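*Asks:*
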Amino acid sequence: MEELRKISCSDVRLGMRFSAPVFFEDGKNMFLAPLKEAKPYHIFAIKRWKIPFLLTSGRIVPEEELPSISAEGIDGDTLLEDLESVDDISELEIAK
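Under our numbering, the residues of the sequence shown are numbered -14 to 81, in order.
1. Specify, as a first and last residue, the run of the alpha helix (DSSP H) that K32 falls within.
2. What does a CB cutoff of less than 7 angstroms around F9 pick up in its chain, not counting 5 residues either side in sequence?
3. Among P47, G43, G0 and A18, which has the Cα closest to the Cα of I(-8)?
4. Using only the heavy atoms of the ligand HEM, determine whether one of them is closer than 7 angstroms to the beta carbon of M15.
5. Quick check: what's the CA-CA separation for F29 versus S4?
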């Protein structure tokens, strides 16, 4: 396992993303999944709970390095425009 390094909670900013999971100071409970951005509730939580630092083996990922969302479907073979639309629920007949 890679060595975890400390990140001061005062350095965590909205929109930050990391290349690896970010853990609370216990090193076991995950604070932020890889490539997920820090949202207002994340910042609020670490301030409210007075968390002094977080741990990660990753690095900050700049926005320009994030993978772009492609037009490919979930499995990579289906284009989004080829997917069938969901019928309006009012048009569905519920079987009794």
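Beta carbons are placed, not taken as given, at the ideal position from N, Cα and C, and that holds for glycine. Every value quoted in this text rests on a predicted model; they were computed, and no experiment measured them.
*Replies:* Inspection of the coordinates gives the following:
1. Position 47 of the sequence shown, counted from the start, is the residue given in the question as residue 32. Element bounds for K32: P25 to R33.
2. Indexing the sequence shown from 1 puts residue 9 at position 24. The answer, listed in chain order, is F16, I36 and L39.
3. In the sequence shown, residue -8 corresponds to position 7, counting from 1. Answer by Cα proximity: G43.
4. The ligand HEM is absent from the structure shown, which contains no ligand whatsoever.
5. Locating residue 29 in the sequence shown gives position 44, counting from the first residue. Locating residue 4 in the sequence shown gives position 19, counting from the first residue. Those two C-alpha atoms are separated by around 22 angstroms.
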